[in-house]
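Asks: Dropping a structure here in structure tokens format, bear with me for questions.
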Amino acid sequence: MVSEWGNGEKKLWLAVIGRALKDLDSTDWRIRDEARAFLTRPSRDLYMVCDLVGFDAQAVMEAARHMEDLGESERRVYLRSLIDEED
């Protein structure tokens, strides 16, 4: 399915996953809870987004759960290893 999409669309969906991962570290509990729900619970939306960018949804959920177990500084290092932080 990704082959039907242009590079821009793939970058958009990668950014969605990246933003959700960053939001796991938010100081706003609502943002953090929404990100946690999206990234750690199986859903049609998560599987669709992961499929569009070629990620294993189970691996994304495991990475998000692992982030929750880390301290703040370790979480930031782990996050940088998962996504390209350009902003």
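The numbering used here puts the last residue of the sequence shown at 89; the count rises by one with no breaks. From the three backbone atoms N, C-alpha and C, an ideal C-beta is built for every residue, glycine too.
#1: Rounded to whole angstroms, what's the CA-CA distance from L26 to V79? Just pull it up for me.
#2: Just verifying my parser: in three-state terms, what is the DSSP assignment at S83?
#3: DSSP state of F57, grouped into three classes?
#4: Reducing DSSP to helix, strand and coil, say where G10 ends up.
#5: Compute the distance between the beta-carbons of W15 and V62, then report whether it is under 8 Å.
Replies: The structure says:
#1: Locating residue 26 in the sequence shown gives position 24, where the first residue counts as 1. Locating residue 79 in the sequence shown gives position 77, where the first residue counts as 1. If you take the alpha carbons of L26 and V79, they lie about 13 Å apart.
#2: Stepping through the sequence shown from its first residue, residue 83 is reached at position 81. DSSP places S83 within a helical segment (H, G or I) once states are collapsed to three.
#3: Residue mapping note: residue 57 aligns to position 55 of the sequence shown, counting from 1. Coil.
#4: Counting from 1 along the sequence shown, the entry for residue 10 is found at position 8. Reduced to three states, the DSSP call for G10 is helix.
#5: Here the question's residue 15 lines up with position 13 in the sequence shown. Here the question's residue 62 lines up with position 60 in the sequence shown. No; because the gap between Cβ atoms is not below 8 Å, this pair is not in contact.
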